[in-house]
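So that you can map any letter, position 142 of the sequence shown is 142 in full-length UniProt numbering, and since no number is skipped, the others follow by simple counting. Let me begin by presenting the structure, written as structure tokens, before commenting on it.
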Amino acid sequence: MAAYHLEGEANQWWQWLRRTLREEGNVISWEKFEQELWARFGPSGCKDFDEALSRIRQTGTLRDYQREFEKLGNKVRGWTQKALIGTFMGGLKAEISDGIRMFKPQSLKEAINLARMRDEQLARQQLFVRSPLTRAPLVFPPTTRVALLILQFQSDV
Numbered sequence: 001m002a003a004y005h006l007e008g009e010a011n012q013w014w015q016w017l018r019r020t021l022r023e024e025g026n027v028i029s030w031e032k033f034e035q036e037l038w039a040r041f042g043p044s045g046c047k048d049f050d051e052a053l054s055r056i057r058q059t060g061t062l063r064d065y066q067r068e069f070e071k072l073g074n075k076v077r078g079w080t081q082k083a084l085i086g087t088f089m090g091g092l093k094a095e096i097s098d099g100i101r102m103f104k105p106q107s108l109k110e111a112i113n114l115a116r117m118r119d120e121q122l123a124r125q126q127l128f129v130r131s132p133l134t135r136a137p138l139v140f141p142p143t144t145r146v147a148l149l150i151l152q153f154q155s156d157v
């Protein structure tokens, strides 16, 4: 059990919580333990992980977005695959989500894999995007009277 790996302040807290819950006759399930652990040691600025997950948006790299999505996703309960997929896709940058929406992913894993493939495709395309070619105007040598005579002679023959 994870509680055996707690040290210091966390271990003191666990000993107190376990005794309190047992005295009240409450069962200590994994969900209860996790809920209490987050309440005690989780970040205070983000108490509603459901809301945070529903508002997540990709502002940087896909890897950073996926990392944050998974971090928040691990802290919520009761979300269906469909809700997770919709939230993940809805938070992606448009150039990624537009390119994968047509595949209608059936799992979060599939949505993430499609997003990665699209992101890699966009990165490859960026390698081939070049600024417009700037060519020097064509410069012909000045036409001389001799050159005109040669051209005229060739056309007569």
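C-beta atoms are modelled at their ideal positions from N, C-alpha and C, and glycine is treated no differently.
Between which two residues does the alpha helix (DSSP H) carrying residue i extend?
i: N11; result: G8 to E23
i: R124; result: L108 to F128
i: K32; result: W30 to F41
Does residue i come out as helix, strand or coil in the three-state DSSP assignment?
i: Q58; result: coil
i: I100; result: helix
i: S155; result: helix
i: D64; result: helix
i: L92; result: coil
i: K75; result: coil
i: D48; result: coil
i: T87; result: helix
Among the options, which residue has its Cα nearest to the Cα of residue i?
i: Q35; options: V76, D98 and R116; result: V76
i: F41; options: A115, A123, W14 and F69; result: W14
i: N113; options: A83, N26, F128 and L92; result: L92
i: R55; options: F88, V129 and S97; result: F88
i: Q106; options: Q81, A123 and Q125; result: Q81
Under the assumption that residue i contacts residue j (Cβ atoms under 8 Å), give the Cβ distance between them as a whole number of angstroms.
i: L84; j: G99; result: Not a contact, Cβ separation roughly 20 Å.
i: A115; j: I96; result: 5 Å
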